[in-house]
Amino acid sequence: MSEAPNFDPILQLDSVCLSYHLRTGEANIVPNLDLTLRRGEALGLVGESGSGKSTIAYALMRYLGPHGRIARGRILFEGRDIAALTEGELRQIRGRRVAMVYQEPMSSLNPVMTIGRQLAEVPMLHDGLSFASARARAEAMLAEVNFADPAAIMGRYPHQLSGGQQQRIVIAMALIGKPALLIMDEPTTGLDVTVEAAVLELVRRLIRRHDTALLFISHNLGTVANLCDRIAVLYAGEIVEEGSIRQVLINPRHPYTHGLLDSLPRLGRSKHDMPLRPIEGHAPSPLSRPAGCSFASRCRHAETPRCTAQSIVSLPVPGETEHRVRCVKVAELSPWRPPATGGASNMAARESEPLLRTENLSKQYAPAGNAFLRKGAVVHALGGIDLAVGRGQTLAIVGESGSGKTTFARIASGLDTASGGRVTLDGEEIATLPVERRPADIKRKLQMVFQNPESTLNPSHLVGRAVARAVRRLKGLAPAAARREAERLLEVVRLRPEIYGCKPSQLSGGQKQRVAIARALAGDPDVLVADEPVSSLDVSVQAAIINLLSDLQAERDESLIFISHNLAVVRYLADHVAVMYHGKLVESGPVDALFAPPYHPYTEALLSAVPEPDRRRARIILEGAPPSASVVPKGCPFALRCPRRLGAVCDEAPPPRQHGRRGHRIACHISLADLSRLQAAEPPTATGQPLFSPKA
Amino acid sequence: MALESISQAGPSTQHQSRSGSGGLDARRLLSMRLHASPMTLTGFGIVLFWIVVAVLAPLLAPYPPNATDALAAAHPTPSAAHWLGTDHLGRDILSRVLWGARRVLTVAPIAVLAAAVAGSLLGLCAGYYRGPVDLVISRIADILLSFPVIILYMIVLAMFGSSALNIILVIAVTKAPIIARIVRALTLELREREYVAAAKMRGETAFNIMLVEILPNARGPLIVDMCLRMGYTTITIGVLGFLGIGLPPPDPDWGSMVKDTYGMMSVWPHMSLVPCAAISSMVVGFNLLAIGLREDADRE
C-alpha cells in the first residue's frame, strides 16, 4: 500500500491454485502460487516441461479451457480480479492491456490475410482508428521491429516470411496496442540461435522503450538471464526460488536451482575437466503430490522428518532483499560454486586412423514434382564436405537449420545416398549404398540415434522388442538369447530390465532416448551417428543422456558423430568440431582450437549468440537469412550476412581453405592472423541494416 | 556413477497413471468402454443388437422365413400372429427381417474385410515405395473409382451371375481402392517416422517394415473407415437386392423385400417400410460407431 506509485504491481497472484479436471481426478498443476510483477519490470519464469509454466501463462488471461480452472486464490491485473471479469471486460484487457506471444509464430498469424491487415486490425478494434491511420501505425511498428522495408512487408502473407521474421511480426502485433504487460511463452524455442539472439535483443529494446512489463516463460536459463530483471524458478508448479537475476544465478540457494546450473553445459566446459551433474529422479505427479517439499525425493540434502513432514514455505535469504527460497535448510546449505571452467584441457584428442571419412561429399535433391511437371530448382544440400572421425573420437557437426547437418547424417547412415564424393567406413566405400543394399557387416558397424524421442520407438510395440529385434537382425541371435541380450543392453544404458515389457507411451522422453541408444548399440557398432539426440529434452535429462553417450564411448571406444545446434553441448562432448553453413563446411578442427580465436566469422556470431546464465555478452546480430538452398553462391555462402565482410571478393570468389594449427581449417577470405587480431578487439556490427546497440 | 539412480527409476509414475496398463488387453478394453462417448456407445449398441439378431435368428424368428400364410395374405397388416404383418404372399415380415440381418451381416463383413486386406496391401506398397509403384496403383484405383459403381455391379453380376461370392468379390473390388487411398496417405506419413528408419538400419525387409512397423500404427483410422464401409456396404447390398441382382431368392433379403412390395406402398406401406427401417438403422449404427470412435481417438 505504501509503495511508490511506479512500483505498484501490474500483476499480482495471491495463493493461486490452478487445476485441471482429468479423467483420473483433479490435478493441481499449480498448487499455491504467489507472484508479483511490477510496472515495467521483466520477470523470467523458468521451469522444465511439466512444471506448469504454460498453465500459468494461460491462467493469467483466463484461457484455461473447459477442463482447467482457477480453483483458489486471486489473479489481480491492475488491481482487477481476472476471475471476476465478464467476457466483455476480459476482451477489453486482452490485446489492449495484455498481449501474448507464443512459441509457434505461424499459428498466431492468419495465413490468408496480409501482414498489414492483421496488424491494422488491432488498433482498429481496440482504439477505433480508421483503416488508414491503423495502417500507418502498423507500418511504424514494423519499422520498430527492424524491418528495413515495412511497406513491402505489409503486403506479404505469413508464409512468405521466415520463422524469425514471423516471430517479429507477432511481437509487433503484440506491442502495437501498447500493452502494459507482455506475456511470452517460449517465444524463441523453435528458432535458430542467431535468430533467437536477434529476437531477444529486439524484445529487450522494445519493452524498455515502451515501459512494458514482461513475463517471459522459458526453459532456458540463459535466455532469461539475458533478458530479465528478476527470475522465478518453477518446480512442480511451485516457485522454489525467486530473486534478481544476479541473486539467483550467482548465488543460487535452492538445491533444484543448483541442479539446473550443474546440469547445464557451458561454452567453457568440456567432458575432460568437469562432468555434468544431472538431477536424478522424476518430478512428482500433480496427482500424487508429497506432503512436504516436492523436490525432496531428488534432493541430496533432504532430511526425512524436516523436509517431508509438512509443506514448505518460501523463506527470505538472510541478508538479501527480495531473494526468497522454498527450502527449510536455506540458512544451512553451503553456497553453490560455479563449475570450474577453462581449465586447460590437456587431454588433447588422441590422433588415430580415421574410421569414417568423407571426401568432397555433395548432395543435390532433384526438384519436386514428377516426370511431367518439374517445378522448382535443384536443391543443393551439401557441397564439398571433407571430414574424418577416428576410432574412439567424437566429431560434432554444428549448424543451424538448413545447414545440411542432418543430410550428412542421413548419407552416412545410408538413409540417403550421396550425389558426389566419397564416404568410406573402415576403407569400404558406402557413399552411394542405401541402407537396404549395405552388407550386414556395414549395417552392424554404423548405427544411428535419432532426434525425436516421440517417434524413435514404434508406439505399437513393446519397448524391449525394438532392442531385441535389432540384436536378432544385427547379431543373428535366437529369440531367447536376443531377449537376454536386449535386457543386458537396457542395463548398459542404465535402465531397469523390467522396462522391456513397457509400451513407449509409458516412458519419459529421456528414457525413450536411452532405449534408442540401447537399440543402436545392439550390434556393437564402431560408429554411432547421433542426430540432435538431446535437443528436445529438458536440461537435467539432457545432461544424463550426454553423460551416457560420453561414458559409453569411454567404455566401448566407438566413434561418435554428434550432430547438434547447441554449441555448449558440442563444446562439452566433442573432440573435433565441424561448423556447417548452407551445406558448406566453414570451419573445422579440434575442439579447443575451434573455441578460441581465430574463428570463422559465422562461428564467432554463433558463439556470441549462445545465451548463458552467468554473463551478458555483446552479441553479434546477424541480419537476414541464409541464401535459398537452390542457389549456389559464387563466393562465400555467408557473405550476405557476414559482419566482417571484406567487399566484393567475398561475393565473387569462393573462400580459400586456410589451415591453422593441428588440423584447424577455416574457409574465409580474411587471413587467420587478421581474424585473430580483429576478434581480440571489438565485436563487429552487422552490415548495412539498422541495428541495436550491442549494449542493453 | 551419477546416472545410476535416475534411470533405475523405471517407468515414471506420472506416465503410468496417465496411460493405464499397457499389456493387459482386458483392462484396456474396460477403460475404453468407460471412456467411450455416448455416440460410440449408441452406435455400438445398435450394431450389437443386429449381430445378436443375426446370430439368434433361427431362435428368435416366429416363423420360417419363406413360410406363407394364405390366411394372413388376405389381411397382411400387423396382427397378434404377425407382429409386423406379412407381405403380399403371406410371409411373416418380422421373421424375414430377422433372417435378412443374417445375410447382410455375413456378406458385408467378409466383403469389407476382403476390401481392407487388399486395400491395405496396395496402399502400403504405394505409400512405401512411392514412385512408379505408387503411380500404377494410384491410377488403377482412380480408374476403378471413376466407374459408376451401380453400372459396374450390374455388368459384372449379369455376366457372372449373382451369388454371395460374386457379390463379395465385386464389393471388395470397388471398396478396396478407397481403403488403399487412405492407407497410402497414412503410409506416406508413417514411413518418415524414425522407428521406420531404425528398422531399415537393422536390415528389416520392406515387407516386414510395412506390415509390422507401419500397418499397426495405421489401425485407428483403418478401423474407423471399416465401420463406415460396413454401413455403405449394407446400403449397397440393399440396392443390389432392390435392383434384383442381389442375393438369389427366395431367401429373405432386405433390398429384395422392398423391391417385391414397393408397388403396394400406398395400400400396405409396412411391407417396404420395415425392411427400409432395418437397413437405415444398421447404417446409422455403423456410422455412429465410426464417428464416435474417431472422436474418441481425437480426444485422447
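Those protein sequence lines, which keep their order, are chains D and P.
Quick note on this note's numbering: the first sequence kicks off at 1 and runs consecutively.
Quick note on this note's numbering: the second sequence kicks off at 1001 and runs consecutively.
Ideal placement from N, C-alpha and C gives every residue a C-beta, glycine not left out.
Which listed residue (the options) has its alpha carbon closest to that of residue i
| i | options | result |
| --- | --- | --- |
| SER54 (chain D) | D:HIS659, D:TRP336, D:LEU234 and D:VAL240 | D:LEU234 |
| LEU125 (chain D) | D:PRO286, D:GLN92 and D:GLY399 | D:GLN92 |
| MET1230 (chain P) | P:ALA1176, P:ASP1296, P:LEU1135 and P:LEU1084 | P:ALA1176 |
| ALA466 (chain D) | D:ILE430, D:GLY523, D:SER362 and D:GLY390 | D:GLY523 |
| PRO1062 (chain P) | P:ALA1073, P:THR1086 and P:THR1040 | P:THR1086 |
| MET1039 (chain P) | P:ALA1297, P:LEU1293 and P:SER1280 | P:LEU1293 |
| ILE239 (chain D) | D:VAL16, D:HIS565 and D:ARG72 | D:VAL16 |
| LEU1071 (chain P) | P:ASP1092, P:VAL1053 and P:PRO1064 | P:ASP1092 |
| ALA143 (chain D) | D:LEU175, D:CYS636 and D:LEU129 | D:LEU175 |
| ARG97 (chain D) | D:ALA468, D:GLY65 and D:PRO179 | D:PRO179 |
| LEU1048 (chain P) | P:HIS1082, P:ALA1101, P:ARG1096 and P:SER1095 | P:ALA1101 |
Rounded C-alpha distance that separates residue i from residue j
| i | j | result |
| --- | --- | --- |
| ARG665 (chain D) | VAL591 (chain D) | 12 Å |
| SER311 (chain D) | GLU532 (chain D) | 39 Å |
| ALA1290 (chain P) | PRO1078 (chain P) | 34 Å |
| ALA120 (chain D) | ARG135 (chain D) | 5 Å |
| GLY292 (chain D) | ALA309 (chain D) | 5 Å |
| ARG619 (chain D) | CYS650 (chain D) | 23 Å |
| PRO1248 (chain P) | GLY1090 (chain P) | 20 Å |
| GLU242 (chain D) | HIS254 (chain D) | 10 Å |
| ASP149 (chain D) | ASN458 (chain D) | 48 Å |
| GLU1295 (chain P) | SER1037 (chain P) | 8 Å |
| GLY1023 (chain P) | ARG23 (chain D) | Low confidence applies here, because GLY1023 (chain P) scores a pLDDT of 37, under 50, leaving its location unreliable; read the following figure in that light. Cα-Cα distance, rounded: 20 Å. |
| GLY392 (chain D) | ALA554 (chain D) | 8 Å |
| ARG677 (chain D) | ARG644 (chain D) | 12 Å |
| SER314 (chain D) | ARG324 (chain D) | 6 Å |
| HIS1088 (chain P) | ARG1130 (chain P) | 57 Å |
| LYS475 (chain D) | LEU267 (chain D) | 40 Å |
| LEU1222 (chain P) | VAL1212 (chain P) | 15 Å |
| GLY343 (chain D) | LYS271 (chain D) | Because the pLDDT of GLY343 (chain D) is 47, which lies under 50, any placement of that residue in the model is unreliable, and the number read from its coordinates should be weighed accordingly. Cα to Cα, the separation comes out at about 11 Å. |
| ALA198 (chain D) | SER401 (chain D) | 16 Å |
| GLY164 (chain D) | GLU196 (chain D) | 8 Å |
First and last residue of the uninterrupted alpha helix (DSSP H) at residue i
| i | result |
| --- | --- |
| ARG484 (chain D) | 479-492 |
| ASP127 (chain D) | 115-127 |
| GLY510 (chain D) | 509-521 |
Cβ neighbours of residue i in the same chain (closer than 6 Å, five flanking residues each side left out)
| i | result |
| --- | --- |
| CYS668 (chain D) | HIS600 and PRO655 |
| PRO105 (chain D) | GLN166, GLN167 and VAL170 |
| VAL1149 (chain P) | THR1174 |
| LEU472 (chain D) | In the sequence as displayed, the identity of residue 472 (chain D) is Arg instead of Leu. Closer than 6 Å at the Cβ level, and outside the excluded window around ARG472 (chain D), lie ALA482. |
Contact set for residue i: own chain, Cβ-Cβ below 7 Å, skip 5 residues either direction
| i | result |
| --- | --- |
| ALA593 (chain D) | GLY660, ARG661, ARG662 and HIS664 |
| PRO318 (chain D) | ALA331 |
| VAL1283 (chain P) | GLY1231, THR1234 and ILE1235 |
| LEU1215 (chain P) | SER1120 and LEU1124 |
| ILE29 (chain D) | LEU18, SER19, TYR20, GLY52, THR55, GLY237 and PRO286 |
| LYS405 (chain D) | ILE397, GLY399, ILE563 and MET580 |
| HIS159 (chain D) | PRO111 |
Residue span of the beta strand (DSSP E) that contains residue i, given as start and end
| i | result |
| --- | --- |
| GLN12 (chain D) | 9-22 |
| MET1282 (chain P) | No beta strand (DSSP E) contains MET1282 (chain P), which is instead part of the alpha helix (DSSP H) from 1270-1299. |
| GLY25 (chain D) | 25-38 |
| TYR365 (chain D) | 354-365 |
| VAL586 (chain D) | 584-590 |
Contact test: residue i Cβ vs the ligand SAM heavy atom, cutoff 7 Å
| i | result |
| --- | --- |
| SER1272 (chain P) | Absence of the ligand SAM is noted for the structure shown, with no ligands found whatsoever. |
Own chain residues within Cβ distance below 8 Å of residue i, not counting five before or after
| i | result |
| --- | --- |
| GLN511 (chain D) | LEU495 and ILE499 |
| LEU433 (chain D) | GLY414, THR417 and ILE442 |
| GLY421 (chain D) | THR358, GLU359, ASN360, LEU361, SER362, GLY384, ILE385 and ALA431 |
Please name the residues in the segment 546-562 of chain D whose beta-carbon is closer than 7 Å to at least one beta-carbon of chain P, in chain order.
ASN547 and LEU548
Could you list the residues in the segment 1186-1200 of chain P with a C-beta less than 7 Å from some C-beta on chain D, going in chain order?
ARG1193, GLU1194, TYR1195, ALA1197, ALA1198 and LYS1200
By the 7 Å beta-carbon criterion, what residues does the segment 421-443 of chain D contribute toward chain P?
VAL435, GLU436, ALA440 and LYS443
Select from the segment 19-30 of chain D all residues with a C-beta closer than 7 Å to any C-beta belonging to chain P, and list them in chain order.
ARG23 and THR24
In chain order, what residues of the segment 247-271 of chain D put their CB closer than 8 Å to some CB of chain P?
none
Going along the segment 1160-1177 of chain P in order, which residues come within less than 8 Å of chain D, judged by CB to CB distance?
none
Within 7 Å of chain D by C-beta, residues of the segment 1210-1225 of chain P in sequence order:
GLU1213, PRO1216 and ASN1217
Listed in chain order, which residues of the segment 208-221 of chain D have Cβ atoms closer than 9 Å to some Cβ of chain P?
none
Between the segment 629-649 of chain D and chain P, which residues of the former have a C-beta closer than 7 Å to a C-beta of the latter?
none
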